[in-house]
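Accompanying notes for the structure given below.
Numbering (full-length UniProt numbering), first residue to last: 1 to 167.
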């Protein structure tokens, strides 16, 4: 149990540092920015209580907000994602395998995991970037940023999954 928490804390620190030091400065074509830090929330076990998941999400988003100088936007979007993650897992995974499932390609299969990943990342990015824009005056630009950032984040998470699968 303690080893599990230490493992999560290590991922927490590593993903926050990666996000604020490197990935926040990546803007492909001025639109796509990867938000890889949500990988931690997406990888929580299916039997994790929703309150605990939302608490982890809050502190994860808050840490990114503090170092990125964004006033609570990441915390809000990450908590919303944590609230919806159990729903998405029930939606894309057969009921009999949901007891203690850790979402991954090897436990869910590539297609269900990809569906879970795309929907979760799209919801997170939609809320995060809508809060960042705080206006629908340039809806085309907002939608383009949501789609391109989602594609880039999903690609990065699949790459990490591929590396972890081999290791």
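Just so you know, even glycine gets a beta-carbon here, dropped at the ideal spot from N, CA and C.
Put simply, the backbone Cα of residue 137 is about 16 Å away from that of residue 126. Residue range 50-68 is occupied by the alpha helix (DSSP H) that includes residue 57.
Fewer than three beta-carbon pairs drawn from the region 61-70 and the region 99-107 are found closer than 8 Å, and the two stretches are therefore not classed as touching. Around the C-beta of residue 120, 16 or more other C-beta atoms lie within 10 Å, and the residue is accordingly described as buried.
Contact between residue 131 and residue 77 holds, with the beta-carbon distance rounding to 7 Å and staying under 8 Å. The region 43-53 makes no contact with the region 108-117, as fewer than three CB pairs between them are under 8 Å. No Cβ-Cβ contact shorter than 8 Å links residue 75 with residue 161. Membership of residue 116 in the alpha helix (DSSP H) is indicated by the continuous run 110-133. Look at the beta carbons and you see the region 55-63 touching the region 79-88: at least three pairs across the two are nearer than 8 Å.
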